[in-house]
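Asker: Below are the structure tokens for one structure; questions will follow.
Chains as they are written, first to last, in the UniProt record's numbering: chain A, 1 to 429; chain C, 1 to 429.
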């Protein structure tokens, strides 16, 4: 049997008892005959506590030292997990990101993994040890500085290790049972998916499903590493994320044809919408607007430009962006008004985005129409529309998000026959 | 001006405010024109908290993982100190023991420093940065594992860095004003020493003065690094520990001739006494007893063997040892009784040791007599006696320790004219 990489987040490592439970879980996998490599996050609130200390010491701490500070969190949890495993009669070796060969660029706080050179990990596996690696951290290639990977970093560490070790699977343990057809807090009849494709998972993550981070799924897709998203609180199978879903999965899911087309309904309440009203419809005006936003380091999501009214030759440009960037974006645009000569700016942060995602919709022309009529029947007005090959997203009023999600979920026959009691929470780092 | 190495212990780094105070102190030294390298311990109770977590997870955690765990403590404090310095407008770079080139053997929990290769520290100094190094930790030479140095480790880190960097001085910041002629809690008129020799400091440390650890003083003596022991809560000069004390120091101290002979009076209440009664006075019997104790890894302190009584040809052997080793030693000896054929074992842990220390006593024959008569006049009975070139130690009843210390301190005119209000506490790690 091959190598299994597992990742446990902070909520699975909240205290000594939780750590012991994780250790038993790891040992079970080892007993099945697998070699096991584990990426861990910092325990529960450790990172927040460390950042609070930093804020007490300096209002603007240097990024290098913030990374040194935060990296202590995984050092603590990895040692404790290794101890708990040893207490069960198995041997474990813990390694920092640097020791495990997680080589990154030098962008403190949001470093990208450049390479993984897991020589010490491979050696420890060869000696029969279970290996525990600090997630979320690495060492910069040229300067040998301690770096952290930013949000979703521990998941990415796990997938990167799985790729470098040619692992069978990367198991991401979390506090939910897997990936659902919708947030069960909104749609109690939401169904756990047995499998989704990388592409679907990417769209789900981009559209607000917080279960896996975009970059970790991108990494897994690039190296074709199957991810098994599952609960650390149960032994149920979770959701497999992989390149293609074969017929077996479809039959196992025992779903209708529609369900094979659609993976799920995602929603996102973290965005705001800005409309630039009355932009002269000339070559280069839109470019100037988006250049200014890029310079302010703002990531835009949906962008819509209406055709210009023939009478005035003016057009409106709307886009969505993270609410946290709203103030910065409005300032950047306001300072551009005299140059571009637009009429005014509208800002709306009472919006929500509802997205329908499924690789099967490529070849099923009726999906868009069904989606829109479901939302219409629920009495919800659509503000913006944006589509990709395997996704349709609409912006609606924030208060209408739940109704739109439920209506869509039901229209595409995604409802499960039994109600599952799960919490659809966010991931840690 | 040259390099100054400073060391701050856990009590000087208890919280954010303490860390900011330490940062100001470091910056003051930098402003004077020195290059500054700082070794830090973990904050206040961090190490205890981490060890408690370890105990919750496993009753007998592997030493390797305990070192990984504990090393997180200095990683936190070093980053916070660097941040606080940056907040004062200076740049700092923090390095782990491994990054700073603190190379050790592979004995987890009590590693010895083999070499210091401070390439990154030197480079950072050259770039104008203040350098913060994690005390107490290193990396093993062959296996590249994280190690910790055991008790007194951070002091040793500081002295080792000072030696490797050819520093002017190694300043050890603590919660007392320096080295005193006796514990001021027992002798309120105890005087701070301006200077002591390495040898005197070694004897003081070995005899219960907890201000500096033996190994750190040994290291400083080997590389001839002056240590300045001083308070992090005041700007007073502390005590200089160095190879020889010149006339200037004597004049500065404005002390009597006696005070130049005697450095101080130390005491120790952490030992117990074992007497092996009725040992046959034959060649090799004592050796068998001490071989058994050595095998049980027990460090003995004073050893006394009386001449044997002519009638019986039996002798008594007494020795002192750490109380914590008492049970182990008694078991080891009991299992030896039938072979050696001694009569019985006596165990006494209600003892204390009082020691008079001073390099000058070598050439002053009257010191021993004066010491004994001072103790006698205080009505204290002497149980055991042991001497070195620059030290006389006696074992007395535990309750008589204070009286013996005061009487000795006074007999040798060590009393200061003004009473200093200080706390004579232990060192951290």
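The C-beta atom is built at its ideal place from N, Cα and C for all residues, glycine as well.
Since this is a predicted model, take the numbers as computed values, not measurements.
For chain B, is any of its Cβ atoms less than 8 Å away from the one on residue 61 of chain A?
Answerer: The displayed structure is made up of protein chains A and C, and chain B is not among them.
Asker: Give the range of the beta strand (DSSP E) segment to which residue 271 of chain C is assigned.
Answerer: Where residue 271 of chain C is concerned, the enclosing beta strand (DSSP E) stretches over 271–280.
Asker: DSSP state of residue 248 of chain C, grouped into three classes?
Answerer: With a pLDDT of 49 at residue 248 of chain C, under the threshold of 50, the modelled position of that residue is not reliable, and the figure given next carries that caveat. If DSSP states are grouped into helix, strand and coil, residue 248 of chain C belongs with the helices.
Asker: Quick one: does residue 54 of chain C have its CB under 8 Å from some CB of chain A?
Answerer: Closer than 8 Å to some Cβ of chain A, the Cβ of residue 54 of chain C qualifies, so yes.
Asker: With a cut-off of 8 Å on the beta carbons, I'd call residue 69 of chain A and residue 41 of chain A a contact; round off their distance for me.
Answerer: Incorrect: roughly 15 Å between the Cβ atoms, too far for contact.
Asker: Can you pull the chain C neighbours of residue 87 of chain A, defined as C-beta to C-beta under 9 Å?
Answerer: Under the 9 Å cutoff, chain C gives 57, 58, 59, 60 and 61.
Asker: Within 10 Å of its beta-carbon, does residue 279 of chain C have 16 or more other beta-carbons around it, so buried, or fewer, so exposed?
Answerer: Buried, because 16 or more other Cβ atoms sit within 10 Å of the Cβ of residue 279 of chain C.
Asker: Looking at the secondary structure, which residues open and close the beta strand (DSSP E) in which residue 346 of chain A lies?
Answerer: Its beta strand (DSSP E) spans residues 344–348.
Asker: Should residue 25 of chain A be flagged as near chain C, meaning a C-beta pair shorter than 8 Å?
Answerer: No - not a single Cβ of chain C is within 8 Å of the one on residue 25 of chain A.
Asker: By the three-class DSSP mapping on this structure, what secondary structure does residue 19 of chain A have?
Answerer: Here residue 19 of chain A sits in helix by DSSP.
Asker: Mind checking residue 242 of chain A: buried by the 16 CB within 10 Å criterion, or exposed?
Answerer: Classification of residue 242 of chain A: buried, given that the 10 Å Cβ count is 16 or more.
Asker: Name the residue from A/93, A/395, A/140 and A/374 whose alpha carbon lies nearest to the alpha carbon of residue 384 of chain A.
Answerer: Minimum Cα distance to residue 384 of chain A is reached at A/395.
Asker: Taking only three categories from DSSP, how would you classify residue 105 of chain A?
Answerer: Of the three classes helix, strand and coil, the one that applies to residue 105 of chain A here is coil, per DSSP.
Asker: Using C-beta distances below 6 Å, list every residue in its chain close to residue 78 of chain A, excluding the 5 sequence neighbours before and after it, in chain order.
Answerer: So the list reads 40, 94, 132 and 134, once near-sequence residues are dropped.
Asker: Taking three-plus beta-carbon pairs below 8 Å as touching, is the stretch 112–127 of chain A in contact with the stretch 59–67 of chain A?
Answerer: In short, these stretches do not touch, since the Cβ pair count stays below three.
Asker: Taking the Cβ atom as the reference point for each residue, do residue 215 of chain A and residue 152 of chain A lie within a distance shorter than 8 Å?
Answerer: Closer than 8 Å, so yes.
Asker: Let me know if residue 393 of chain C comes out buried or exposed under the rule of 16 or more other beta-carbons within 10 Å of its beta-carbon.
Answerer: Buried: at least 16 other Cβ atoms inside 10 Å.
Asker: By the three-class DSSP mapping on this structure, what secondary structure does residue 222 of chain C have?
Answerer: Of the three classes helix, strand and coil, the one that applies to residue 222 of chain C here is helix, per DSSP.
Asker: With a cut-off of 8 Å, does the C-beta of residue 75 of chain C fall near any C-beta of chain A?
Answerer: Yes, its Cβ sits closer than 8 Å to a Cβ of chain A.
Asker: Could you please tell me which residues of the stretch 7–34 of chain C, in chain order, have their CB closer than 7 Å to any CB of chain A?
Answerer: If the cut-off is 7 Å between Cβ atoms, the stretch 7–34 of chain C has 16, 19 and 20 near chain A.
Asker: Grouping DSSP H, G and I as helix and E and B as strand, with all else coil, what is residue 35 of chain C?
Answerer: Three-state DSSP puts residue 35 of chain C in a strand.
Asker: Residue 327 of chain A to residue 342 of chain A, Cα distance in whole Å?
Answerer: Going by the C-alpha atoms only, they are around 19 Å apart.
Asker: Which same chain residues end up closer than 6 Å to residue 16 of chain A when comparing Cβ atoms and leaving out the 5 residues on each side of it in sequence?
Answerer: Closer than 6 Å at the Cβ level, and outside the excluded window around residue 16 of chain A, lies no residue.
Asker: Reducing DSSP to helix, strand and coil, say where residue 99 of chain C ends up.
Answerer: If DSSP states are grouped into helix, strand and coil, residue 99 of chain C belongs with coil.
Asker: Please tell me whether residue 38 of chain A has its Cβ less than 8 Å away from any Cβ of chain C.
Answerer: So, not an interface residue.
Asker: Going along the chain, which residues of its own chain have a beta-carbon closer than 6 Å to the beta-carbon of residue 432 of chain C, five neighbours each way excluded?
Answerer: This structure leaves residue 432 of chain C out entirely; chain C is present only between 1 and 429.
Asker: Spatial neighbours of residue 390 of chain A within its chain, please: C-beta separation below 7 Å, excluding the five flanking residues on both sides.
Answerer: So the qualifying residues of the chain are 199, 200, 203, 357, 358, 359, 361 and 362.
Asker: Pull up the distance between the alpha-carbon of residue 189 of chain A and that of residue 238 of chain A, whole angstroms please.
Answerer: Rounded to the nearest angstrom, the two C-alpha atoms are 17 Å apart.
Asker: May I ask you to report which of helix, strand or coil DSSP gives residue 127 of chain A?
Answerer: Note: residue 127 of chain A maps to coil in three-state DSSP.
Asker: Is the number of C-beta pairs between the stretch 402–411 of chain A and the stretch 373–380 of chain A that are closer than 8 Å three or more?
Answerer: Segments in contact, yes.
Asker: Kindly indicate which residue of C/292, C/365, C/351 and C/299 has the alpha-carbon position closest to the one of residue 339 of chain C.
Answerer: The candidate whose alpha carbon is nearest that of residue 339 of chain C is C/292.
Asker: Chain A partners of residue 94 of chain C, CB-CB under 7 Å?
Answerer: By Cβ distance, chain A contributes 65 and 68.
Asker: Are the C-beta of residue 256 of chain A and some C-beta of chain C separated by less than 8 Å?
Answerer: Note that residue 256 of chain A scores 41 on pLDDT, short of 50, meaning its location in the model is unreliable; the coordinates nonetheless yield the value given after this. Judged by the 8 Å Cβ criterion, residue 256 of chain A is not in contact with chain C.
Asker: Mind checking whether residue 27 of chain C and residue 88 of chain C have CB atoms under 8 Å apart?
Answerer: Yes.
Asker: Using the C-alpha atoms, what's the distance from residue 370 of chain A back to residue 275 of chain A?
Answerer: Between residue 275 of chain A and residue 370 of chain A, the C-alpha separation is close to 28 Å.
Asker: My assumption, with CB atoms under 8 Å, is that residue 136 of chain A sits in contact with residue 104 of chain A. Please give the rounded CB distance.
Answerer: Going by Cβ atoms, the distance from residue 136 of chain A to residue 104 of chain A rounds to 11 Å, so no, they are not a contact pair.
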